[in-house]
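Taking it in order: structure first as structure tokens, then the write-up.
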Amino acid sequence: HYGSRLVEARMPLVVVTGVRLADSTFLASSLDFDCALRDVGYDPTEALLSIRYGNPQKELRKPVLLIEGFETAIRPYGDITYNALSSGEIYNANGDRILEHMERFRDAMDTLEWLGYDLIYIDFKNGREWIQSNALTAVKVIQWINRELQLRQSDEKLVVIGASMGGLIARYALTRMEKEGCCHNTK
């Protein structure tokens, strides 16, 4: 009500069901480097990490790192978020469904969890940032995962998956780690 008049507002509302929420989320900026890996002129970027554990103890045991690719959305963290991938339905800021057939990716995530794998998704705040900057963030995450595995005295190796530009970011990060003598512990 506005005074004595009834005012009506209409807007589209997108409701997505069946989302498997992350067990844990935090910012990559809270992580430290283990080795002094730097690229002159580039700094690590901000990213949101979302973790879905594949075990009831909620511990990293069999990690799979998923690195997002190039994203054209201007808003921070873009449209391709962990929750969007987990639901299989991705919507843009206008509420329009984009990237059809993502249910297959959701099914792959569910299958990996069922097989006991822990999924760690890197969602860059700015997916259009320099590959080198996003790679430095990936290095921080890889080092954190490896520290977690060492704390649990695990012999498990890390699996890294990069989608599109995320594949280039992953390759750059792993290559830089090798050149600097940093162990990435991947298979």
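For the sequence shown, my numbering assigns the number 538 to the initial residue and increments by one for each residue that follows. Backbone N, C-alpha and C fix where the C-beta goes; we use that ideal spot for every residue, glycine too. What you are looking at is a predicted structure, and each value in this text was computed from that prediction instead of being measured.
Quiz item: Where does residue 717 land, buried or exposed, given buried means 16+ other C-beta within 10 angstroms?
Solution: exposed
Self-check item: From 556, 563, 574 and 559, residue whose alpha carbon lies closest to that of residue 661
Solution: 563
Quiz item: Who are the near neighbours of residue 653 in its chain, counting only those whose CB is closer than 8 Å to its CB and skipping five residues on each side?
Solution: 591, 592, 598 and 599
Quiz item: Mind checking whether residue 607 and residue 622 have CB atoms under 7 Å apart?
Solution: no
Quiz item: Touch check for the region 700 to 716 and the region 682 to 691: three-plus C-beta pairs under 8 Å?
Solution: no
Quiz item: Which partner residues does residue 695 have in the DSSP bridge list?
Solution: 723
Practice problem: Determine the DSSP secondary structure at residue 584, reduced to helix, strand or coil. | Solution: strand
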